[in-house]
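S.K.: Chains as they are written, first to last, in full-length UniProt numbering: chain A, 1 to 468; chain B, 1 to 417.
For each residue, glycine too, the CB sits at the ideal point set by N, CA and C.
Just so we're clear, the structure is a prediction, and the values are computed from it rather than from any experiment.
Sharing a structure with you now.
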């Protein structure tokens, strides 16, 4: 018996009662979520500032507005998403009703990380609610202020018989994972991703794993350095670099590097002033552990820009490193901080080979005025997502599935993809109880004449002709 | 260093070379697969007869034609499926190009069972090829004749730098699973499914697990017993009951049971004659182990029809059991044989409660003249990709009890708006 057993049982009972099935119930929960965001905006911004020194701008743009947007999208589309989806038929099934029904899995577990602690728990929640599931939320214990609000304020806006918040650290999460869930949605690092999937395997629980990796960024000689530097810098230093889809390292020619460095300095000064530590627009590292980890990375290669750090403040300056080697720590682990290593390559081919020697990343970027170059990088590599000539804009479009591949994850979500992720797609065929004579064709004693007719009727093609 | 290391390395190199990317390559492999089926039809039918005593009719309908159909469907649609899929944009991205690109995962492992040893390895293979992957096939060692053909004949029809067949039993499969694959497709029982998923977790490899269960079949009072009996019997005894989606047990009122029994006897006699053991249309149990397992089930409840068995022949008669209890073995494990237990319930609600108390099955059936019966007059299949992606097409099942894929070109998620 553990702390979670009661909760899990209670939510399962609620699910079995059918409470989450009607659209009206799901709409009410989604509206509750919307009100939670609207009525607690200041509280949430303060908490994000406390946890990550996030500016109101970044909080609004990457946490609150994103979550609200997903709530609104789901509310607008819920009934359409929930509809049975008719499918084409063949000759044999011509008179039948054939469709895919979207059904909730049942009890869903959502485990979220600390870097976008609101977004990365609420956006999956929207999908799980829309799909009709009951949900246990496990926010990160590291982003404490947001965790508190999720535990104490959010439940007031939801039907607490169907939704619960579980708290704790790695030990409690491990215990939580011993319970059987019908779907587990995990955002975090690959090491823990393996633990989650192994735990899920014991119950044959399907999973979506949104993991991480080192997102390469190829910068072609044919581009405007300042434009590229602006974009690189914004997406690298946004949320103090603690973003799973941030450009992790740059591959460019040494010529390009020479042009990029002053441009990056310009961008950094423009964004954060001459004294970034005093800029209200730059965040802080989440905790000591990560601060120390990043401090170590500062000694890789050579500091070309920034490099300062202040432990009392968990401050790391917006930094650019050069002369890094493939085996340096900063080129081996996911940076997840405001440090951008530049690695020189002699050609596009070398860049692509380098990228393909490594694990598939969550995001991949290529900058070039020549669209053929961008298309080549896209065609010759693989990644969860890709953006040409910009940073992680691709994840702001809900019509694109957001997820990883290989070591960067499995499954995807956002928008309708969230709804589909948390739904079981049930294949349904409704036939007539009559017209049994037709079935004589298929019954033994088998005959080759019957076989011929049956095979013809099973073909897809004959269906499309008959429809006309 | 194990037997598979070389193969895995070789196929990965082939994938990295980009060989499987062009549509032309994939078309060539699919056409090769088609020729394999056409040029070896007799060989395949003989092998299926050897392994499972499958009649030519059943082999054609549930193994060869299905596989050929999937090959043809893929050939017709490949270029459309491969296209970049444009998506709606917002104001910020109005001038951009936004699309979903379908890319192969890389090296795929397909593990197949013995009951439809051709269908259940070739149909996934079609998808893996069409999507541009390299593939290691692991056929079941239990259906030996088909395994031999897949190992010795099939490779001649495919580019052997990109496709390989791995052989062996549980030990070899475990060793195979230690290697890293980019996707694992497994068809088999839930116990092994857990082992496969746990192995996949070590490499963060996405999986599709096609497992099994006990497929309930609710029979309403309001129906024609003979029609229902025909359909029940055909789907139960097809392939000697060794079908993951066969009706596993029946729930009906005791009234209905009384009407169903003689109708089932009629159907069985019509299909297999007075002496089913001598019917060319009835198959055999795959091996001793399963034969003995099924023989045990014959002592659950009471035999109302059939019940005979012959070990020398691995023959089990088309059987119907009554007076079974929930805790009887035949109501606990997946039957996977020509035995149909009937359990009586007092109402539709009781049937639904019974069904919902148990694990979710692969298929669920309901027979009624009244379409409003909430469980629905349906053959439903739960295809459960473990890593559902918006582009996964669930299989739509035709009432014959085997799979056919839909021809939809646009994945479900982009139908709306």
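Enumerate in chain order the residues of its own chain whose CB-to-CB distance from residue 314 of chain B is below 6 Å, with the five nearest sequence positions on each side excluded.
M.R.: Position 314 of the second chain, counted from the start, is the residue given in the question as residue 314 of chain B. Result list for residue 314 of chain B: 284, 285 and 291, in chain order.
S.K.: May I ask you to list the residues that DSSP assigns as paired with residue 138 of chain A?
M.R.: Looking up residue 138 of chain A in the first chain gives position 138. A:111.
S.K.: Against chain B, does residue 202 of chain A count as a neighbour if the rule is that its beta carbon must be under 8 Å from one of theirs?
M.R.: Within the first chain, residue 202 of chain A is the residue found at index 202, counting from 1. Interface residue, yes.
S.K.: Kindly indicate if chain A contains any beta-carbon less than 8 Å away from that of residue 59 of chain B.
M.R.: Working through the second chain from its first residue, we reach residue 59 of chain B at position 59. No, its Cβ sits nowhere closer than 8 Å to a Cβ of chain A.
S.K.: My output table needs one value for residue 183 of chain A: the three-state DSSP class, helix, strand or coil.
M.R.: Within the first chain, numbered from 1, the residue matching residue 183 of chain A stands at position 183. Correct three-state label for residue 183 of chain A: strand.
S.K.: Got a sec? Which residues, its chain only, sit under 7 Å from residue 95 of chain A by beta carbon, not counting five neighbours each side?
M.R.: For the purposes of this step, residue 95 of chain A is taken as the residue at position 95 of the first chain. Answer for residue 95 of chain A: 432, listed in chain order.
S.K.: Hey, is residue 67 of chain B's beta-carbon within less than 8 Å of any beta-carbon in chain A?
M.R.: Here residue 67 of chain B corresponds to residue number 67 of the second chain, with the count starting at 1. Closer than 8 Å: no.
S.K.: Rank A:408, A:113, A:160 and A:267 by C-alpha distance to the C-alpha of residue 129 of chain A and give the top, closest one.
M.R.: One-based indexing of the first chain puts residue 129 of chain A at position 129. Of A:408, A:113, A:160 and A:267, the residue nearest in Cα terms is A:160.
S.K.: Taking 8 Å as the threshold (beta carbon to beta carbon), is residue 218 of chain B in contact with chain A?
M.R.: Residue numbering aside, residue 218 of chain B sits at position 218 when the second chain is read from its first letter. Not one chain A Cβ lies under 8 Å of residue 218 of chain B.
S.K.: According to DSSP, what are the bridge partners of residue 322 of chain B?
M.R.: As a first step, residue 322 of chain B must be located in the second chain, where it is residue number 322. According to DSSP, which records beta bridges pairwise, residue 322 of chain B is partnered with B:302.
S.K.: Give me the subset of the region 232-247 of chain A whose CB atoms are less than 9 Å from a CB atom of chain B, sorted by chain position.
M.R.: Taking 9 Å as the Cβ-Cβ cut-off against chain B, none of the residues of the region 232-247 of chain A qualify.
S.K.: Under 7 Å, CB to CB, which of the residues in the region 181-205 of chain B have a partner in chain A?
M.R.: So the close ones are 182, 190, 193, 194, 197, 198, 201, 202 and 204.
S.K.: By how many angstroms is the C-alpha of residue 56 of chain A removed from the C-alpha of residue 355 of chain A?
M.R.: To locate residue 355 of chain A, count along the first chain from 1; it is residue 355. To locate residue 56 of chain A, count along the first chain from 1; it is residue 56. Going from the Cα of residue 355 of chain A to the Cα of residue 56 of chain A covers about 36 Å.
S.K.: Between the alpha carbons of residue 159 of chain B and residue 6 of chain B, how many angstroms are there, rounded?
M.R.: Here residue 159 of chain B refers to the residue found at position 159 of the second chain. Here residue 6 of chain B refers to the residue found at position 6 of the second chain. Each residue's alpha carbon lies about 16 Å from the other.
S.K.: According to the neighbour-count rule (16 or more other Cβ atoms, all chains shown, within 10 Å of its Cβ), is residue 259 of chain A buried or exposed?
M.R.: One-based indexing of the first chain puts residue 259 of chain A at position 259. Residue 259 of chain A is buried by the Cβ-count criterion.
S.K.: Would you tell me roughly how many angstroms separate the C-alpha atoms of residue 54 of chain A and residue 62 of chain A, rounded to the nearest one?
M.R.: Within the first chain, the letter at position 54 stands for residue 54 of chain A. Within the first chain, the letter at position 62 stands for residue 62 of chain A. If you take the alpha carbons of residue 54 of chain A and residue 62 of chain A, they lie about 10 Å apart.
S.K.: Rounded to whole angstroms, what is the Cα-Cα separation between residue 415 of chain A and residue 76 of chain A?
M.R.: Mapped onto the first chain, residue 415 of chain A falls at position 415. Mapped onto the first chain, residue 76 of chain A falls at position 76. So the two alpha carbons sit approximately 11 Å from each other.
S.K.: DSSP state of residue 389 of chain B, grouped into three classes?
M.R.: As a first step, residue 389 of chain B is located in the second chain; it is residue number 389 there, counting from the start. Reliability fails at residue 389 of chain B, whose pLDDT of 29 lies under 50, so the model's placement of it is uncertain and the value that follows must be treated cautiously. Correct three-state label for residue 389 of chain B: coil.
S.K.: Per DSSP, which residues does residue 102 of chain A bridge with? Please list them.
M.R.: Counting from 1 along the first chain, the entry for residue 102 of chain A is found at position 102. A:425.
S.K.: At what residues does the beta strand (DSSP E) containing residue 157 of chain B begin and finish?
M.R.: Here residue 157 of chain B refers to the residue found at position 157 of the second chain. Note, residue 157 of chain B: premise wrong, no beta strand (DSSP E); not H, not E.
S.K.: To which residues of the same chain is residue 43 of chain A closer than 8 Å at the C-beta, ignoring the five residues directly before and after it?
M.R.: Within the first chain, numbered from 1, the residue matching residue 43 of chain A stands at position 43. Once the five neighbours on either side are set aside, the close Cβ partners of residue 43 of chain A are 149 and 153.
S.K.: Please report how far the alpha carbon of residue 339 of chain B lies from the alpha carbon of residue 214 of chain B, in whole angstroms.
M.R.: Reading the second chain from its first residue, position 339 is the one you call residue 339 of chain B. Reading the second chain from its first residue, position 214 is the one you call residue 214 of chain B. Spanning the two alpha carbons is a distance of roughly 13 Å.
S.K.: Cβ closer than 8 Å: which chain A residues qualify as neighbours of residue 87 of chain B?
M.R.: Counted from its first residue, the second chain places residue 87 of chain B at position 87. Neighbours of residue 87 of chain B on chain A, chain order: 397, 399 and 400.
S.K.: Does the region 422-429 of chain A come close enough to the region 99-113 of chain A to have 3 or more Cβ pairs within less than 8 Å?
M.R.: Yes, they touch.
S.K.: Can you tell me which residues form a DSSP beta bridge with residue 97 of chain A?
M.R.: Locating residue 97 of chain A in the first chain gives position 97, where the first residue counts as 1. BP columns for residue 97 of chain A point to A:430.
S.K.: Hey, could you find the ends of the alpha helix (DSSP H) residue 34 of chain B is sitting in?
M.R.: As a first step, residue 34 of chain B is located in the second chain; it is residue number 34 there, counting from the start. Per DSSP, residue 34 of chain B belongs to the alpha helix (DSSP H) from 23-39.
S.K.: So which residues of chain A does residue 100 of chain B contact, with C-beta pairs closer than 8 Å?
M.R.: In the second chain, counting from the first residue as 1, residue 100 of chain B sits at position 100. Ordered by position in chain A, the residues that pass the 8 Å Cβ test against residue 100 of chain B are 400 and 401.
S.K.: Compare the C-beta of residue 197 of chain A against all C-beta atoms of chain B and say whether one is closer than 8 Å.
M.R.: Walking along the first chain from the start, residue 197 of chain A turns up at place 197. Cβ-Cβ to chain B under 8 Å: yes for residue 197 of chain A.
S.K.: Within the continuous beta strand (DSSP E) that includes residue 164 of chain A, where are the two ends?
M.R.: For the purposes of this step, residue 164 of chain A is taken as the residue at position 164 of the first chain. 163-165 is the span of the beta strand (DSSP E), which, as asked, contains residue 164 of chain A.
S.K.: Could you tell me the distance, in whole angstroms, from the CA atom of residue 109 of chain A to the CA atom of residue 208 of chain A?
M.R.: Translated into positions along the first chain, residue 109 of chain A becomes position 109. Translated into positions along the first chain, residue 208 of chain A becomes position 208. Distance between the alpha carbons of residue 109 of chain A and residue 208 of chain A is about 11 Å.
S.K.: Shortest alpha-carbon distance to residue 330 of chain A belongs to which of A:276, A:297 and A:381?
M.R.: What you label residue 330 of chain A is simply residue 330 of the first chain in a count that begins at 1. Out of A:276, A:297 and A:381, A:297 has the C-alpha closest to the C-alpha of residue 330 of chain A.
S.K.: What's the C-alpha gap between residue 364 of chain B and residue 262 of chain B?
M.R.: Within the second chain, numbered from 1, the residue matching residue 364 of chain B stands at position 364. Within the second chain, numbered from 1, the residue matching residue 262 of chain B stands at position 262. Going by the C-alpha atoms only, they are around 24 Å apart.
S.K.: Between the beta-carbon of residue 409 of chain A and the beta-carbon of residue 52 of chain A, is there less than 8 Å?
M.R.: One-based indexing of the first chain puts residue 409 of chain A at position 409. One-based indexing of the first chain puts residue 52 of chain A at position 52. Taking 8 Å as the Cβ cut-off, residue 409 of chain A and residue 52 of chain A do not qualify as a contacting pair.
S.K.: Do the CB positions of residue 419 of chain B and residue 77 of chain B come within less than 8 Å of each other?
M.R.: Outside the modelled stretch of chain B, which goes from 1 to 417, sits residue 419 of chain B, for which no answer is possible.
S.K.: Which residues of chain B have a Cβ atom closer than 9 Å to the Cβ of residue 393 of chain A, listed in chain order?
M.R.: Residue numbering aside, residue 393 of chain A sits at position 393 when the first chain is read from its first letter. Near residue 393 of chain A (Cβ distances below 9 Å), the residues of chain B are 92, 93 and 96.
S.K.: Is there contact between the region 183-201 of chain A and the region 202-213 of chain B, where contact requires at least three CB pairs shorter than 8 Å?
M.R.: Touching, yes.
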